[in-house]
Amino acid sequence: MIEAKLLGRNAIGVDVNPNSIKLSNSNLHFTYQETSKIFTKQGNARQLSFIKDQSIDLVCTHPPYADIIHYSQDIQEDISHLTYEDFLQAMEDVAGESYRVLKEGGICAFMIGDIRRKGYVLPLGMNTMQKFTDVGLFILKEIIIKEQHNCRSADYWEGREKTFLMLAHEYIFVLEKRSDGN
1272 MIEAKLLGRN AIGVDVNPNS IKLSNSNLHF TYQETSKIFT KQGNARQLSF IKDQSIDLVC
1332 THPPYADIIH YSQDIQEDIS HLTYEDFLQA MEDVAGESYR VLKEGGICAF MIGDIRRKGY
1392 VLPLGMNTMQ KFTDVGLFIL KEIIIKEQHN CRSADYWEGR EKTFLMLAHE YIFVLEKRSD
1452 GN
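Given below as structure tokens:
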């Protein structure tokens, strides 16, 4: 939201957590020579009915991971409390709403990583990306791999023997909305 303001872009910030909205509003309280309309709203990315169809140029999001780190304690719509399977279903809803609000040629970018359960990797990133490509005519333009530092579990494993490689990356998926599928 701050970058949008600095670039003079109009932006809508949606977050399920009212504390995040308050923090964003506080951080956005500065004047700058560019003029932009910045709007924040407590809401749910699975239900963006307050945004018109095909009215947005860019959707950018970083969803919480499925039942790994809880984003909130007691917000019912917080998808970080969902099981892996339910999280993927919720992300299908997010993908559908993102597709609906984007203009043709609009870009949807999101960052997410994989998770580990009982010593095995669950490909949350790739499975979430698949949900986005399945909802409509999102075309995958780019997969960016971001090296992850300061992982929550890194301190736990410091000095201990590991029989696996740490998950030390996140994906940034960049998709384009196309009506013709090309």
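Every number in my numbering is 1271 more than the matching position in the sequence shown, counting from 1.
Ideal Cβ positions, reconstructed from N, Cα and C, are used throughout, including at glycine.
This one's a predicted model, so the numbers in the text were calculated from it and none came from an experiment.
- Across which residues does DSSP place I1416 in a beta bridge pair? Y1442
- Message: Helix, strand or coil for V1392? Go by DSSP, reduced to three states.
- Response: V1392: strand per DSSP, three-state reduction.
- Item | Which residues DSSP lists as bridging N1315, in chain order | Q1318
- Message: One question on the structure: do L1329 and I1378 come within less than 7 Å of each other, judged by their Cβ atoms?
- Response: Yes; because the gap between Cβ atoms is below 7 Å, this pair is in contact.
- Item | Complete alpha helix (DSSP H) runs within the segment 1318 to 1366 (minimum length 4 residues, chain order) | none
- Could you give the distance in angstroms between the alpha-carbon of S1307 and the alpha-carbon of M1272? 11 Å
- Go through its chain and collect everything with a Cβ distance to V1372's Cβ below 8 Å, but skip five positions before and after it. L1319, I1322, K1323, D1324, Q1325, S1326, I1327 and V1330
- Extent of the continuous alpha helix (DSSP H) to which K1276 belongs: I1273 to L1277
- Item | According to DSSP, residues forming a beta bridge with R1299 | Here the sequence assigns Leu to residue 1299, which means Arg is not the residue at that position. BP columns for L1299 are empty, so no partner.
- Item | First through last residue of the beta strand (DSSP E) which encompasses E1305 | Here E1305 belongs to no beta strand (DSSP E), and DSSP marks it neither H nor E.
- Query: How many Å lie between S1343 and L1353 at the Cα?
  - Reply: One alpha carbon belongs to S1343, the other to L1353, and they sit about 12 Å apart.
- Query: For the beta strand (DSSP E) that D1385 lies in, which residues bound it at each end?
  - Reply: Taken as a continuous stretch (DSSP letters only), D1385 belongs to no beta strand (DSSP E), as it is neither H nor E.
- Task: Tell me, to the nearest whole angstrom, how far the beta carbon of P1334 is from that of V1287; I am working on the premise that it is less than 8 Å.
- Result: The Cβ separation is near 10 Å, so there is no contact.
- Query: Would you call the CB atoms of K1417 and I1383 closer than 7 Å?
  - Reply: no
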